[in-house]
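Single-structure report; data block below.
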Ligand SMILES: Cc1cc2nc3c(=O)[nH]c(=O)nc-3n(C[C@H](O)[C@H](O)[C@H](O)COP(=O)(O)OP(=O)(O)OC[C@H]3O[C@@H](n4cnc5c(N)ncnc54)[C@H](O)[C@@H]3O)c2cc1C
Ligand SMILES: Nc1nc2c(ncn2[C@@H]2O[C@H](COP(=O)(O)OP(=O)(O)OP(=O)(O)O)[C@@H](O)[C@H]2O)c(=O)[nH]1
Ligand SMILES: [Mg+2]
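Chains as they are written, first to last, in our numbering: chain A, 1 to 467; chain B, 1 to 625.
Set out below in structure tokens:
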């Protein structure tokens, strides 16, 4: 399609209809993506390229020079992708400019577009447009944010699934079963004089308990989903010189932390992101714990304690080349009730070993490794995820990752349980129904509302109502 | 232009909407005329001579609490009263009464004639006189022209009414009465969007030809619960109704002759109410149901006519006779009037304001079946609201409307004007998101103060209301304070009947929350002076307050969360097309519904959460206004 800059039919569209925004976090990297959406997206791009005949294939990328329309100076070389309405994220014409420019240059380009008549997008406006063009639904819009933040491949896959509307699909049968419970109860009190089949208490009971279980199972996936999204926090802790930093480097497969034979080398906590079987893991090396009069070291040890408290799992590192010391004992006291496992490092020099569940009265597993040779590292990697395996359904099943969804599902389950309790006490239907409608509303918070008209329609298609 | 007579308000139609409208407007001081086709058929019940039921009974109570008349007239002419859902919670209990059809008409006419400022006129309105978007009056077929500042149109099923019995069709507003054709065409010319709906009625039988022993008797309540707060007792002798059933034989005959039914031959395409299906529909849509329930309802004390409830049909008359005879117990029965279906015009109620005034013509109000509803109670409550507002309009006073959370009337009108109708609209308690707080026994506390302010509630009624309010407050205080201690008579009695010891000396209010203490026992346990002052019904009301209060609180907070933006006003000149990111479909839906609040927009059918989010973002942003 040739560009129609200045043609009356296009300029008749209010300028504020085409929005622009820098869609990569400012200042993070040298590459920045500028997005345009709206009827004049291509039009404005033509002006930036100083090429009124620029008519790219939709969904293809072209490398072009960008000029400042004010003075014709070259601003950047950019990759330009054109998405034609309605087959774009927002459903409108869209252009994405991937530029190399510095943050300042990127802002300069955005400025130029504003001058041309584009309007700065409100926060979330791209998503909102996408929402309202029916391209995505509310649940999808929320997982979109997750996709942008996704840190590892598995998390990306999960985010992409929700984007596919899978959450709504998952919830549909739940909503249907809920309606199946509501229909006979509602009918029995609304259509008293009709001769309806009797409400069978055991059946409703069973349906309700099944439903509660179903909703709870889905809600339970949130822990795993959250782990996927936010990652696991694992802290390496131990007395000085046991080889925490060496282990840290070995797991990361790079020389990240300073290692010396001097006890007390690490002075401050140090965190790095690690990908363990697709799960993002934030691993933290810490200052060795011991009684110290050194001011800097004491502050470092305080931070260690905090890192222990924050961790999903604490790895208590011990030195297998010498017997356990009272300092090792002190470290374990610090770990307290936190979930933990023991690692006997320096297995290459090995002498002292311990059985699982025999250390300090703890049931936690014991792993032997050598940070130096890499022996046992794979065992360690497995052991790190082991405590969380129950949370994951590693068959790649569907997971709840959004805290709002989790919250709504939990409320749904609570309402359903309350209604079942009342039902068992033979409370009057309108009370049981009050909770069931609450549950329906909570589900509606994810998938969109179920109107009373829909409920009535279900009733009329289920029963022969009316005199 | 010359006029024969001049009024403040003219009400067209003396059906259930028209009677309420005229009565309210006149009692609020407006010189009011009610014009109807036939003065002998004022308040005619076109179909089943029964008022009330679940949700509908609630509407009647609300009308009564505001000062309307349907409740009182039904109480005076009801020949079978039953409180439905007696075994269930008070929020879903409701009275239903079968009226003596002829007595009801007489009583309604008498009520209107006794109303000061109200003038009855017989005639067929053929035209609305409108100038510059303002109503001026009406013209009758007999050439009279009547002037009015406001007009309430309550013509029911009469607009372009077309009756079907088998293949025969004829224009009629109801069987035996002419349709309003000119008026219907006039409305279209004025630009009103008009649709078509359908309804039907069953045959009436000669009671002398029925074998009553073949049916199961269904007695009236021993302790009839009246509709009106002002009714002390029901005076009409109560009659027996009877329940019977169709058989497979009947169903087979229907299936064999289904092509004879205008509903299935393609002769009728308009939509009828799903909750009042014809017997043809029941048999075809639910083929597995071996029998369908029927009610035999005598139409009055002084007639043999019996209404065959549950057997609505538009089959040819002779086939109706044959089908009736196949019903056990009706082998010899003769049909007096055959059933029929009727198609009629209705006006899209999205044209209306919450006061039921049209946006197109100032001073013109629409009420009743013309707005796409079905049922006497639904019609009556609209009549009341339109009547009140026509008087307020003439008197240049503030318009009046009701909220969803305060009344079923508010729910009904809000549904109508935001959703429009796809099928005849009937009230159900589930249509309200506030069901537990809209009890039939609290209609007075919700609405009577409003009725009093409007001038619709007389001094006696107002005093009665205040007395009841005080009585209930005293009762509640006593029930909260009075504890049942070991050694009390009540304690001993409960110990004997419940078989369990009551620890911690529970208050009467605590006892009510158990499911197993009968309220008559509580009533009995009250201090003697209070016991004689309050009725069992009073105890039931207070008990309901206690039982529901927890739910109402949690529901209210849940509703607040869900509906917290509902009150957000949408400016009258708001341009939905300016929501650039909304799809055309969403914009179209919003423009049609022209919601005045975010709540109305939220309830507009087909709105996506996303579209609502967009609208909400705009309404909440500073440039919205
Ligand atoms: C065949 C049939 C079956 C029905 N079945 C059911 C049912 O199953 N369930 C249910 O709930 N409801 C049913 N109804 C509906 C119920 O009767 C109505 O909902 C209710 O009566 C409507 O009240 P209204 O006041 O709006 O109109 P109506 O009661 O219809 O009254 C209209 C009044 O307007 C007058 N009028 C009309 N046109 C003019 C004119 N041009 N000039 C002067 N006067 C005029 C008429 O004389 C009449 O008095 C049925 C109605 C019919 C006719
Ligand atoms: N033989 C052998 N030596 C190791 C191994 N792991 C660590 N070391 C040595 O142990 C010493 C201490 O290692 P670090 O990794 O600095 O120990 P740390 O626990 O981080 O000590 P602090 O930072 O002081 O708390 C260094 O000299 C390492 O080379 C191992 O697996 N085998
Ligand atoms: Mg270190």
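No residue lacks a Cβ here, since even glycine has one placed at the ideal position from N, Cα and C.
Taking the C-alpha atoms as reference points, what is the distance between residue i and residue j?
i: residue 481 (chain B); j: residue 501 (chain B); result: 20 Å
i: residue 42 (chain A); j: residue 52 (chain A); result: 10 Å
i: residue 34 (chain B); j: residue 115 (chain B); result: 12 Å
i: residue 371 (chain A); j: residue 246 (chain A); result: 6 Å
i: residue 11 (chain A); j: residue 46 (chain A); result: Interpretation of residue 11 (chain A) is limited by its pLDDT of 27, a score under 50 that renders its predicted location unreliable; no figure is taken from the coordinates.
i: residue 9 (chain B); j: residue 454 (chain B); result: 17 Å
i: residue 405 (chain A); j: residue 549 (chain B); result: 29 Å
i: residue 293 (chain A); j: residue 267 (chain A); result: 13 Å
i: residue 149 (chain A); j: residue 418 (chain B); result: Reliability fails at residue 149 (chain A), whose pLDDT of 48 lies under 50, so the model's placement of it is uncertain and the value that follows must be treated cautiously. Rounded to the nearest angstrom, the two C-alpha atoms are 41 Å apart.
i: residue 404 (chain B); j: residue 463 (chain A); result: 28 Å
i: residue 242 (chain B); j: residue 545 (chain B); result: 36 Å
i: residue 434 (chain B); j: residue 551 (chain B); result: 10 Å
i: residue 29 (chain A); j: residue 106 (chain A); result: With a pLDDT of 47 at residue 29 (chain A), under the threshold of 50, the modelled position of this residue cannot be trusted, and the question is left open.
i: residue 284 (chain A); j: residue 273 (chain A); result: 9 Å
i: residue 77 (chain A); j: residue 89 (chain A); result: 24 Å
i: residue 412 (chain B); j: residue 427 (chain B); result: 7 Å
Only counting the same chain, and skipping five residues up and downstream in sequence, which positions put a Cβ closer than 7 Å to that of residue i?
i: residue 277 (chain A); result: 385
i: residue 445 (chain B); result: 469
i: residue 332 (chain A); result: 316, 360
i: residue 250 (chain B); result: 323, 326, 327
i: residue 209 (chain B); result: 332, 333, 334
i: residue 541 (chain B); result: 441, 472
Could you say which of the options lies nearest to residue i if we only look at CA atoms?
i: residue 401 (chain B); options: B:389, B:395, B:394; result: B:389
i: residue 80 (chain A); options: A:100, A:349, A:87, A:86; result: A:100
i: residue 321 (chain A); options: A:241, A:380, A:265; result: A:241
i: residue 193 (chain B); options: B:92, B:148, B:370; result: B:370
i: residue 287 (chain A); options: A:279, A:265, A:273; result: A:265
i: residue 104 (chain B); options: B:129, B:412, B:75; result: B:75
i: residue 109 (chain A); options: A:74, A:89, A:92, A:82; result: A:74
i: residue 29 (chain B); options: B:147, B:542, B:260, B:396; result: B:396
i: residue 52 (chain B); options: B:348, B:565, B:42, B:71; result: B:71
i: residue 471 (chain B); options: B:513, B:57, B:108, B:531; result: B:531
i: residue 475 (chain B); options: B:168, B:529, B:590; result: B:529
So is residue i in contact with chain C if we call contact Cβ pairs under 8 Å?
i: residue 88 (chain A); result: This model lacks chain C altogether; the protein chains it does include are A and B.
Less than 6 Å between C-beta atoms, sequence neighbours within five positions excluded: which residues of the same chain meet that for residue i?
i: residue 255 (chain A); result: 249
i: residue 394 (chain A); result: Note on residue 394 (chain A): pLDDT 39, under 50, position unreliable in the model; the coordinate value appears next. Within the same chain, residue 394 (chain A) has no close Cβ partners at all.
i: residue 118 (chain A); result: 18, 20, 44
i: residue 510 (chain B); result: none
i: residue 56 (chain A); result: 62, 82
i: residue 90 (chain B); result: 439, 544
If I measure Cβ to Cβ from residue i and keep anything under 8 Å in the same chain, skipping five residues before and after, which residues do I get?
i: residue 451 (chain A); result: none
i: residue 127 (chain B); result: 138, 139, 182, 183, 186
i: residue 362 (chain B); result: 133, 134, 135
i: residue 498 (chain B); result: 516, 517
i: residue 626 (chain B); result: Since the first residue shown for chain B is 1 and the last is 625, residue 626 (chain B) is missing from the structure and cannot be characterised.
i: residue 113 (chain A); result: 20, 34, 36, 44, 48
Cβ-heavy atom distance between residue i and ligand 5 below 7 Å?
i: residue 193 (chain B); result: Ligand 5 is absent from the structure shown, which contains only ligand 1, ligand 2 and ligand 3.
**Asked** Quick one, which residues of the stretch 70-104 of chain B are near chain A if we go by CB-CB under 7 Å, in chain order?
**Response** 84, 85, 88, 89, 91, 92
**Item:** Residues from the stretch 278-304 of chain B in contact with chain A, defined by Cβ distance under 8 Å
**Value:** 282, 285, 286, 289, 292, 293, 295
**Prompt:** For the stretch 424-455 of chain B, which residues have a beta carbon sitting closer than 7 Å to at least one beta carbon of chain A?
**Reply:** 428, 429, 430, 431, 435, 436
**Asked** Taking a cut of 8 Å between CB atoms, which residues from the stretch 188-203 of chain A lie near chain B?
**Response** 189, 190, 191, 192, 193, 194, 195
**Message:** Under 9 Å, CB to CB, which of the residues in the stretch 514-541 of chain B have a partner in chain A?
**Reply:** 515
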